[in-house]
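Shown next, in structure tokens, is the structure this report addresses.
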Amino acid sequence: MSAIGQPVHETIVSRPKAPPQPRPVARRRPRPRAWRVAILVLTAIFYVLPLVCAVKFSLINQKGTYGPQNYTAIVDNGTLSAALVLSLEIAAITAAVAVLLVFPTTVLVRLKLPKLTIVMEAVTILPIVVPPVVLAAGLLQMKETAPLWVVNDFFNHPVTILAPMYVVLAMPLMYRAIDTGLRAIDLHTLVDASRSLGAGWPTTLWRVVLPNVQTAVLGGMFLTIALVLGEVVIANQLDQSTLTFPLQMLEFASQDNAPGISVAMTLAALLFTFLLLFSLSFLARRRGPRAARVVG
Amino acid sequence: MTAESASRSVDPQLAAPAPAPAASRVGVEFKDVQRHFGAVTALQGLDMEIHPGELVALLGPSGCGKTTALRLLAGFDRPDAGTITVGGRDVTKVPAHKRDMGMVFQAYSLFPNMSVRQNVAFGLRMRRRAKADRLSRADELLEMVGLGDAGDRYPYQLSGGQQQRIAIARALAIEPTVLLLDEPLSALDARVRHQLRAEIRQVQQRLGITALFVTHDQSEALSLADRVGVMNSGQLEQIDTPEDVYRHPATPFVAEFVGAMNRVAGRIADDGQVVVLGQRLPPTTPNAYAPGTAVEALLRPEALQVTPDAGGPGEIVERTFLGSSERLRVSLEDGHELLVEGSSHGPVLRVGARVALAVVADRVAVTERAALAPAISPEL
Chain A
58 MSAIGQPVHE
68 TIVSRPKAPP
78 QPRPVARRRP
88 RPRAWRVAIL
98 VLTAIFYVLP
108 LVCAVKFSLI
118 NQKGTYGPQN
128 YTAIVDNGTL
138 SAALVLSLEI
148 AAITAAVAVL
158 LVFPTTVLVR
168 LKLPKLTIVM
178 EAVTILPIVV
188 PPVVLAAGLL
198 QMKETAPLWV
208 VNDFFNHPVT
218 ILAPMYVVLA
228 MPLMYRAIDT
238 GLRAIDLHTL
248 VDASRSLGAG
258 WPTTLWRVVL
268 PNVQTAVLGG
278 MFLTIALVLG
288 EVVIANQLDQ
298 STLTFPLQML
308 EFASQDNAPG
318 ISVAMTLAAL
328 LFTFLLLFSL
338 SFLARRRGPR
348 AARVVG
Chain B
2 MTAESASRSV
12 DPQLAAPAPA
22 PAASRVGVEF
32 KDVQRHFGAV
42 TALQGLDMEI
52 HPGELVALLG
62 PSGCGKTTAL
72 RLLAGFDRPD
82 AGTITVGGRD
92 VTKVPAHKRD
102 MGMVFQAYSL
112 FPNMSVRQNV
122 AFGLRMRRRA
132 KADRLSRADE
142 LLEMVGLGDA
152 GDRYPYQLSG
162 GQQQRIAIAR
172 ALAIEPTVLL
182 LDEPLSALDA
192 RVRHQLRAEI
202 RQVQQRLGIT
212 ALFVTHDQSE
222 ALSLADRVGV
232 MNSGQLEQID
242 TPEDVYRHPA
252 TPFVAEFVGA
262 MNRVAGRIAD
272 DGQVVVLGQR
282 LPPTTPNAYA
292 PGTAVEALLR
302 PEALQVTPDA
312 GGPGEIVERT
322 FLGSSERLRV
332 SLEDGHELLV
342 EGSSHGPVLR
352 VGARVALAVV
362 ADRVAVTERA
372 ALAPAISPEL
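Sequence lines, in order, name chains A and B.
Note that my numbering has the first sequence beginning at 58, numbered continuously upward.
Note that my numbering has the second sequence beginning at 2, numbered continuously upward.
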């Protein structure tokens, strides 16, 4: 019997000549059809018209004339400024804690415990499934039975009570943002390369992994900030002493003499969130191709 | 392009003065190393020694355990049993970042957020070397790999071959005890692969650094390494010089896996010689089989010779011109085929010509007929 194994050297294989490619034809930009334009205009009206009305309403002052008084009132009014500062403080702490918790955990799960991915998916979706009011009710139950010092040091301060709750609420946003960022890079190879060069785990996470998922992490942080600046259910249930920015907006909206200020605050918050998201997309455009492209 | 021609086309930059020599030459030893992943055995008692300054290539099919062995040596994984020593020091439980091993990966592994210079200097930064010192060292290594002007560029601005050159410079920057190469050329096109292969060998020899090279490309392993280890199913089947692995395969698997191999029916004669294709030849391992045993002779294509013969037992069914040599597929009367390789300067043999066959080897390796896997289709 005889047979033959594989040859050791590559052999030269003649390839059939490629058929001539058709000459590229300059693509003509298709003219938009009328119904497409109509849908676009209707959609724009649906979103823009309420905003235009809100802007117009916010510019009407108490005398019934147009002016920026409602906007200057946000800055001049000490209560409003304090509420804004408080909300931003809670938002910053929430975003930072969420990143510190979710980022290393997600990296660990992807590298060492991939079978736990499904568990992470399930756990992080719980805050969406369970209504925030249920979380708040549960915490109020705890407050009733908690020692006095816990009530004084934890429950009675808006930052210490709201930031942990918001971290839980932000988990789905943060996890999904970071997980998407990690899927876009060759995490295993980058981590192995970093460690072989002498970097420990903290350095690897900080100097190698984090900069390469920076856009995703920033996205998660901005969404978290937007969530905090708009959350009223838990804030209303848990802390009655100091009003956060969205609660202050509701407060003004309920007052007969200052509805314009409430709308002005809403628009200011919207603008702030828009600027955050815009800066994110700007950063993504600058950094995106760097991580993905290989030429040649 | 052959390895020889590739080595001639080495980048002239490599002739530049050598940078500071790598860490003192050390040897590596695997002792009865085992690794299991659930029910799958990746390594079953690997015993292997790499001598100081030597480049060993681990060769084998996918899933044979070669990458597992490399990852265990790098410290990315830990063995279930056995020990790994580097320079006589047991490193089995030493974490990866404390092993001082430079590694070049199959995938592009440069840090996208850092410039080329920062990438090369990263390992030195981890060793708290002064900034001026590490940057000048990085520039020195970039010069060595022929990319002295690429320091300020980012990985996405480089081609695949350039990225792997930078990865080599980065791995060498830390003056590693051992250089580990995990199929670093497999993602590159053939021309760059051949060139970089020769460059890696030249740099390794110039620095005298101990290196372990993992590949599934046998021509890469044979042309690059001082010794080649052939792995199969978590075991090291043979580790030897490339010539010995090719000419004297220790097991049927090595014979089948490395190079092309013809299996021809034979018989052990009364005097212990192997009767094959009508010739009597001494076996590579005398007295392994009793007289009268039916065996299969393992013959390389170049160990066979054809001559035009109108009454010969073979017929040429395919001819491939390879430049300096030619490869023929010869069909025998019993329907089996043989692969024959010889010089292209002899008489031109056309497809359909009848030929006689002769064995031109001094000795012949044999195995029991049933020991081998079914015939593999020849690949021309």
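Quick reminder that beta carbons are idealized off the backbone N, C-alpha and C, glycines included.
- A contact between stretches requires three or more CB pairs, one per stretch, nearer than 8 Å, and the region 224–242 of chain B fails this requirement with the region 118–136 of chain B.
- Taken through DSSP and simplified to helix, strand or coil, His-249/B comes out as coil.
- The distance from the Cβ of Tyr-232/A to that of Val-159/A is about 5 Å, consistent with a contact at the 8 Å cut-off.
- Contact with chain B is absent for Pro-259/A, since none of that chain's Cβ atoms lies less than 7 Å from the residue's Cβ.
- In the displayed model, Phe-106/B falls within coil according to three-state DSSP, outside both helix and strand.
- For Ala-222/B, the closest Cβ of chain A is not nearer than 7 Å.
- Of Lys-94/B, Thr-84/B, Val-87/B and Gly-89/B, the smallest CA-CA separation from Phe-77/B is found for Lys-94/B.
- By the Cβ neighbour-count rule, Gln-163/B is buried, with 16 or more other Cβ atoms within 10 Å of its own.
- With respect to the 7 Å criterion, Asp-183/B and Gln-107/B are classified as neighbours on the basis of their beta carbons.
- Any Cβ of chain A closer than 7 Å to the Cβ of Arg-268/B would place that residue at the interface, and such an atom is absent.
- Between Asn-213/A and Thr-136/A, the alpha-carbon positions lie close to 19 Å from each other.
- Runs of the beta strand (DSSP E) lying entirely within the region 253–313 of chain B, each at least 3 residues long, are 263–269, 275–277, 280–282, 295–300 and 305–309 in chain order.
- For the pair Ile-317/B and Thr-294/B, the CB atoms are not nearer than the 7 Å cut-off.
- For Asp-101/B, there is no enclosing beta strand (DSSP E), as DSSP marks it with neither H nor E.
- A distance of 7 Å or more separates the beta carbons of Leu-225/B and Pro-156/B.
- Ranked by how close their Cα comes to the Cα of Leu-305/B, the residues Thr-211/B, Val-341/B and His-52/B have Val-341/B in first place.
- Less than 7 Å divides the Cβ of Thr-163/A from the Cβ of Asp-236/A.
- Under the 8 Å Cβ criterion, the region 141–152 of chain B does not count as touching the region 255–270 of chain A, having fewer than three qualifying pairs.
- With respect to the 7 Å criterion, Val-29/B and Val-87/B are classified as neighbours on the basis of their beta carbons.
- In the three-state DSSP reduction, Asp-335/B falls in the coil class, being neither helix nor strand.
- When Cβ pairs closer than 8 Å are counted between the two stretches, the region 254–265 of chain A is seen not to touch the region 178–195 of chain A, the count staying below three.
- Just so you know, the alpha carbons of Gln-119/A and Gln-126/A end up roughly 9 Å apart.
- In the same chain as Leu-334/A, and ignoring 5 residues on each side of it, the C-beta atoms closer than 7 Å to its own belong to Phe-279, in chain order.
- Nearest to Pro-314/B by C-alpha distance, out of Tyr-247/B, Gly-66/B, Asn-288/B and Ala-359/B, is Ala-359/B.
- Under the 7 Å criterion on CB atoms, Arg-240/A is classed as non-interfacial with respect to chain B.
- Asn-233/B sits in a strand when the DSSP states are folded into three classes.
- Nearest to Gly-353/B by C-alpha distance, out of Arg-194/B, His-346/B and Leu-329/B, is Leu-329/B.
- If you draw a straight line from the Cα of Ala-122/B to the Cα of Arg-138/B, it comes to about 8 Å.
- For Leu-223/B, the secondary structure class from DSSP, reduced to helix, strand or coil, is helix.
- Shown here, Leu-60/B sits in a strand according to DSSP, grouped into three states.
- Identification of chain A residues near Ile-201/B by a Cβ-Cβ cut-off of 9 Å yields none; the smallest Cβ-Cβ distance measures about 17 Å.
- A residue is called buried once 16 or more other Cβ atoms fall within 10 Å of its Cβ, and Leu-205/A, having fewer, is exposed.
- For the C-beta of Ile-175/B, the chain A residues within less than 8 Å are, from N- to C-terminus, Leu-254 and Gly-255.
- Counting only runs of 3+ residues, the beta strand (DSSP E) found wholly inside the region 183–220 of chain B occupies 211–216, in chain order.
- Ile-282/A sits away from Ala-130/A, with the two beta carbons spaced by 7 Å or more.
- The straight-line gap separating the alpha-carbon atoms of Leu-141/A and Phe-302/A is approximately 5 Å.
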